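Novice: In our numbering, the protein residues as written are 1 to 219. Just so you know, even glycine gets a beta-carbon here, dropped at the ideal spot from N, CA and C. Computed from a predicted structure; not experimentally measured. The structure under discussion is supplied below as C-alpha coordinates; questions concerning it will follow.
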(Lines of atoms letter the chains of each structure in order from A; the text may use other names.)
(Lines give C-alpha, C1' and ligand atoms only; values in the text may rest on other atoms or scores of the structure.)
Protein backbone atom coordinates (compact mmCIF):
# COMPACT_ATOMS: atom_id res chain seq x y z
CA UNK A 1 0.00 0.00 0.00
CA UNK A 2 2.79 2.42 0.91
CA UNK A 3 4.52 1.61 -2.38
CA UNK A 4 1.34 2.27 -4.37
CA UNK A 5 0.75 5.56 -2.56
CA UNK A 6 4.31 6.60 -3.35
CA UNK A 7 3.79 5.79 -7.04
CA UNK A 8 0.56 7.81 -7.12
CA UNK A 9 2.20 10.80 -5.42
CA UNK A 10 5.22 10.57 -7.72
CA UNK A 11 3.02 10.41 -10.84
CA UNK A 12 0.96 13.35 -9.58
CA UNK A 13 4.14 15.40 -9.15
CA UNK A 14 5.38 14.47 -12.63
CA UNK A 15 2.03 15.29 -14.24
CA UNK A 16 1.91 18.58 -12.34
CA UNK A 17 5.40 19.52 -13.52
CA UNK A 18 4.52 18.66 -17.12
CA UNK A 19 1.40 20.84 -16.94
CA UNK A 20 3.37 23.73 -15.40
CA UNK A 21 6.09 23.47 -18.06
CA UNK A 22 3.54 23.22 -20.88
CA UNK A 23 1.59 26.23 -19.60
CA UNK A 24 4.84 28.14 -19.13
CA UNK A 25 5.87 27.40 -22.71
CA UNK A 26 2.48 28.54 -24.01
CA UNK A 27 2.71 31.77 -21.99
CA UNK A 28 6.22 32.42 -23.30
CA UNK A 29 5.24 31.72 -26.90
CA UNK A 30 2.26 34.03 -26.57
CA UNK A 31 4.50 36.78 -25.13
CA UNK A 32 6.82 36.71 -28.16
CA UNK A 33 4.11 36.20 -30.76
CA UNK A 34 4.00 38.88 -33.44
CA UNK A 35 2.67 38.91 -36.99
CA UNK A 36 4.81 40.41 -39.73
CA UNK A 37 3.29 40.63 -43.21
CA UNK A 38 4.17 41.76 -46.72
CA UNK A 39 2.75 45.18 -45.83
CA UNK A 40 5.62 45.77 -43.39
CA UNK A 41 8.21 45.57 -46.16
CA UNK A 42 9.52 48.69 -47.95
CA UNK A 43 7.27 48.23 -50.97
CA UNK A 44 9.19 50.31 -53.50
CA UNK A 45 12.44 48.49 -52.85
CA UNK A 46 10.91 45.04 -53.18
CA UNK A 47 9.32 45.92 -56.51
CA UNK A 48 12.51 47.51 -57.87
CA UNK A 49 13.61 46.03 -61.20
CA UNK A 50 17.02 47.71 -61.43
CA UNK A 51 20.36 46.56 -60.04
CA UNK A 52 20.02 46.73 -56.26
CA UNK A 53 23.70 47.29 -55.53
CA UNK A 54 23.97 50.18 -58.00
CA UNK A 55 20.85 51.85 -56.60
CA UNK A 56 22.12 51.47 -53.05
CA UNK A 57 25.34 53.28 -54.02
CA UNK A 58 23.26 56.24 -55.21
CA UNK A 59 21.67 56.37 -51.76
CA UNK A 60 25.12 56.37 -50.18
CA UNK A 61 26.35 59.24 -52.36
CA UNK A 62 23.17 61.18 -51.61
CA UNK A 63 24.16 61.38 -47.95
CA UNK A 64 26.73 64.07 -48.81
CA UNK A 65 24.24 66.71 -49.94
CA UNK A 66 21.26 65.66 -47.80
CA UNK A 67 20.03 67.45 -44.69
CA UNK A 68 20.69 65.86 -41.32
CA UNK A 69 17.21 64.30 -41.18
CA UNK A 70 17.39 63.04 -44.76
CA UNK A 71 20.80 61.46 -44.15
CA UNK A 72 19.25 58.97 -41.76
CA UNK A 73 16.41 58.28 -44.19
CA UNK A 74 18.93 57.58 -46.96
CA UNK A 75 20.87 55.21 -44.70
CA UNK A 76 17.64 53.35 -43.97
CA UNK A 77 16.97 53.07 -47.70
CA UNK A 78 20.51 51.87 -48.31
CA UNK A 79 20.16 49.20 -45.62
CA UNK A 80 17.00 47.81 -47.17
CA UNK A 81 18.58 47.62 -50.62
CA UNK A 82 21.68 45.98 -49.11
CA UNK A 83 19.61 43.44 -47.14
CA UNK A 84 17.56 42.41 -50.18
CA UNK A 85 20.66 42.30 -52.39
CA UNK A 86 22.49 40.14 -49.83
CA UNK A 87 19.56 37.72 -49.56
CA UNK A 88 19.28 37.26 -53.32
CA UNK A 89 23.02 36.98 -53.94
CA UNK A 90 24.08 34.85 -51.00
CA UNK A 91 21.05 33.07 -49.50
CA UNK A 92 18.08 32.70 -51.84
CA UNK A 93 18.15 34.10 -55.40
CA UNK A 94 14.41 33.44 -55.83
CA UNK A 95 13.26 35.45 -52.80
CA UNK A 96 10.41 37.71 -53.96
CA UNK A 97 7.64 37.86 -51.32
CA UNK A 98 5.59 40.54 -53.10
CA UNK A 99 5.35 38.62 -56.37
CA UNK A 100 2.36 36.47 -55.24
CA UNK A 101 4.07 33.32 -56.50
CA UNK A 102 3.05 31.28 -53.43
CA UNK A 103 6.20 29.17 -53.51
CA UNK A 104 8.56 28.39 -50.64
CA UNK A 105 11.47 29.85 -52.60
CA UNK A 106 9.69 33.17 -53.24
CA UNK A 107 8.01 33.56 -49.86
CA UNK A 108 10.83 32.64 -47.46
CA UNK A 109 14.39 33.84 -47.01
CA UNK A 110 15.16 30.33 -45.80
CA UNK A 111 12.89 27.43 -44.91
CA UNK A 112 13.09 23.93 -43.50
CA UNK A 113 10.66 21.72 -41.61
CA UNK A 114 11.70 23.04 -38.20
CA UNK A 115 12.44 26.72 -38.77
CA UNK A 116 11.97 29.48 -41.29
CA UNK A 117 12.78 33.15 -41.83
CA UNK A 118 10.29 34.98 -44.01
CA UNK A 119 11.26 38.66 -43.72
CA UNK A 120 14.33 40.78 -42.99
CA UNK A 121 14.07 44.54 -43.35
CA UNK A 122 15.12 47.85 -41.76
CA UNK A 123 13.19 50.76 -40.29
CA UNK A 124 14.21 54.14 -38.89
CA UNK A 125 12.82 54.79 -35.41
CA UNK A 126 12.02 58.13 -33.77
CA UNK A 127 15.53 58.32 -32.28
CA UNK A 128 17.16 58.06 -35.71
CA UNK A 129 18.30 54.52 -35.03
CA UNK A 130 18.18 51.68 -37.54
CA UNK A 131 15.96 48.79 -36.44
CA UNK A 132 16.54 45.58 -38.37
CA UNK A 133 13.65 43.14 -38.04
CA UNK A 134 14.01 39.44 -38.81
CA UNK A 135 10.64 37.67 -38.80
CA UNK A 136 10.81 33.94 -38.19
CA UNK A 137 8.71 31.00 -37.15
CA UNK A 138 8.18 27.27 -36.98
CA UNK A 139 5.47 24.85 -38.07
CA UNK A 140 7.13 21.84 -36.47
CA UNK A 141 5.19 21.07 -33.25
CA UNK A 142 3.45 24.29 -32.22
CA UNK A 143 2.83 27.09 -34.71
CA UNK A 144 5.11 29.97 -33.74
CA UNK A 145 5.61 33.36 -35.38
CA UNK A 146 7.89 35.96 -33.85
CA UNK A 147 10.43 38.62 -34.76
CA UNK A 148 13.92 39.57 -33.66
CA UNK A 149 14.43 43.35 -33.52
CA UNK A 150 18.00 44.67 -33.62
CA UNK A 151 18.49 48.36 -32.75
CA UNK A 152 21.60 50.14 -34.06
CA UNK A 153 23.06 53.57 -33.38
CA UNK A 154 24.25 55.38 -36.53
CA UNK A 155 27.66 57.07 -36.70
CA UNK A 156 28.17 59.03 -39.91
CA UNK A 157 31.61 59.40 -41.49
CA UNK A 158 31.56 62.15 -44.10
CA UNK A 159 34.78 63.89 -45.09
CA UNK A 160 36.79 64.91 -48.14
CA UNK A 161 38.25 61.41 -48.29
CA UNK A 162 35.34 59.20 -47.32
CA UNK A 163 31.59 58.76 -47.27
CA UNK A 164 30.19 56.10 -45.00
CA UNK A 165 28.69 55.13 -41.69
CA UNK A 166 28.92 52.59 -38.90
CA UNK A 167 25.97 50.88 -37.23
CA UNK A 168 26.53 49.67 -33.67
CA UNK A 169 24.10 47.28 -32.00
CA UNK A 170 22.86 48.84 -28.75
CA UNK A 171 19.70 46.88 -28.00
CA UNK A 172 17.71 43.89 -29.21
CA UNK A 173 14.51 42.10 -28.37
CA UNK A 174 12.39 39.10 -29.22
CA UNK A 175 9.11 40.76 -30.12
CA UNK A 176 8.73 43.17 -27.17
CA UNK A 177 10.81 41.05 -24.79
CA UNK A 178 14.23 42.60 -24.21
CA UNK A 179 17.16 40.20 -24.09
CA UNK A 180 20.63 40.57 -22.60
CA UNK A 181 23.84 40.65 -24.60
CA UNK A 182 25.02 37.61 -22.65
CA UNK A 183 22.31 35.61 -24.42
CA UNK A 184 23.42 36.99 -27.79
CA UNK A 185 27.07 36.25 -27.02
CA UNK A 186 26.16 32.66 -26.16
CA UNK A 187 24.16 32.21 -29.37
CA UNK A 188 26.95 33.67 -31.49
CA UNK A 189 29.49 31.36 -29.87
CA UNK A 190 27.54 28.42 -31.33
CA UNK A 191 27.33 29.82 -34.87
CA UNK A 192 29.78 30.15 -37.74
CA UNK A 193 30.28 33.91 -37.51
CA UNK A 194 32.59 34.03 -40.50
CA UNK A 195 29.94 32.47 -42.73
CA UNK A 196 27.28 34.91 -41.53
CA UNK A 197 29.59 37.91 -41.99
CA UNK A 198 30.36 36.76 -45.52
CA UNK A 199 26.69 36.94 -46.53
CA UNK A 200 26.79 40.75 -46.71
CA UNK A 201 26.96 41.84 -50.35
CA UNK A 202 28.21 45.28 -49.30
CA UNK A 203 30.00 46.64 -46.27
CA UNK A 204 31.63 44.82 -43.37
CA UNK A 205 29.69 43.00 -40.66
CA UNK A 206 31.67 42.28 -37.47
CA UNK A 207 29.88 39.91 -35.09
CA UNK A 208 32.59 40.26 -32.45
CA UNK A 209 31.81 43.96 -31.99
CA UNK A 210 28.23 43.80 -33.34
CA UNK A 211 28.91 46.51 -35.90
CA UNK A 212 28.22 47.04 -39.58
CA UNK A 213 30.50 49.45 -41.45
CA UNK A 214 30.01 50.80 -44.94
CA UNK A 215 32.52 53.04 -46.70
CA UNK A 216 32.63 54.28 -50.27
CA UNK A 217 36.29 53.24 -50.13
CA UNK A 218 35.25 49.69 -49.20
CA UNK A 219 31.74 49.14 -50.60
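If I follow the unbroken beta strand (DSSP E) through residue 160, where does it start and stop?
Specialist: Counted from its first residue, the chain shown places residue 160 at position 160. Element bounds for residue 160: n/a, residue is neither H nor E.
Novice: What did DSSP end up calling residue 47 once you bin it into helix, strand or coil?
Specialist: Position 47 of the chain shown holds residue 47. If DSSP states are grouped into helix, strand and coil, residue 47 belongs with coil.
Novice: Over what stretch of residues does the alpha helix (DSSP H) that includes residue 87 continue unbroken?
Specialist: The residue given as residue 87 occupies position 87 in the chain shown. Residues 68 to 90.
Novice: Excluding sequence positions up to five away, which residues of its chain have a Cβ less than 6 Å from the Cβ of residue 16?
Specialist: Numbered from its first residue, the chain shown carries residue 16 at position 16. Below a pLDDT of 50, predicted positions are generally treated as unreliable, and residue 16, at 44, falls in that range; the measurement from the model is reported next regardless. So the list is empty, once near-sequence residues are dropped.
Novice: Do residue 101 and residue 146 come within 9 Å of each other at the CB atom, strictly closer than that value?
Specialist: Along the chain shown, read from residue 1 onward, the residue named residue 146 stands at position 146. Along the chain shown, read from residue 1 onward, the residue named residue 101 stands at position 101. No, they are not a contact pair.
Novice: Among 57, 38, 43, whose alpha-carbon lies nearest the alpha-carbon of residue 203?
Specialist: To locate residue 203, count along the chain shown from 1; it is residue 203. If we check each option's Cα against that of residue 203, 57 comes out closest.
Novice: Give the list of continuous beta strand (DSSP E) stretches no shorter than 3 residues that lie fully inside the segment 94 to 133.
Specialist: 116 to 124
Novice: To the nearest angstrom, how far is it from the Cα of residue 149 to the Cα of residue 86?
Specialist: As a working mapping, residue 149 is identified with position 149 in the chain shown. As a working mapping, residue 86 is identified with position 86 in the chain shown. Distance from the CA atom of residue 149 to the CA atom of residue 86, rounded to whole angstroms, is 18 Å.
Novice: Alpha carbon to alpha carbon, how far is residue 52 from residue 61?
Specialist: Here residue 52 refers to the residue found at position 52 when the chain shown is read from its first residue. Here residue 61 refers to the residue found at position 61 when the chain shown is read from its first residue. Using only the alpha carbons, I get a separation of about 15 Å.
Novice: Determine contact between the segment 69 to 82 and the segment 112 to 130, defined as no fewer than three beta-carbon pairs at a distance below 8 Å.
Specialist: yes
Novice: Buried or exposed for residue 186, please, with buried defined as at least 16 other CB atoms from any protein chain shown within 10 angstroms of its CB.
Specialist: By one-based count along the chain shown, residue 186 stands at place 186. It is exposed - the Cβ of residue 186 has fewer than 16 other Cβ atoms within 10 Å.
Novice: If you measure between the beta carbons of residue 131 and residue 152, is that distance less than 9 Å?
Specialist: Locating residue 131 in the chain shown gives position 131, where the first residue counts as 1. Locating residue 152 in the chain shown gives position 152, where the first residue counts as 1. Yes, the pair counts as a contact, with Cβ atoms nearer than the cut-off.
Novice: Around the Cβ of residue 136, are there at least 16 other Cβ atoms within 10 angstroms (buried) or fewer (exposed)?
Specialist: By 1-based counting over the chain shown, the position of residue 136 is 136. Buried, by the Cβ-count rule.
Novice: For a test of the three-state rule: what should DSSP assign to residue 169, helix, strand or coil?
Specialist: Along the chain shown, read from residue 1 onward, the residue named residue 169 stands at position 169. Three-state DSSP puts residue 169 in a strand.
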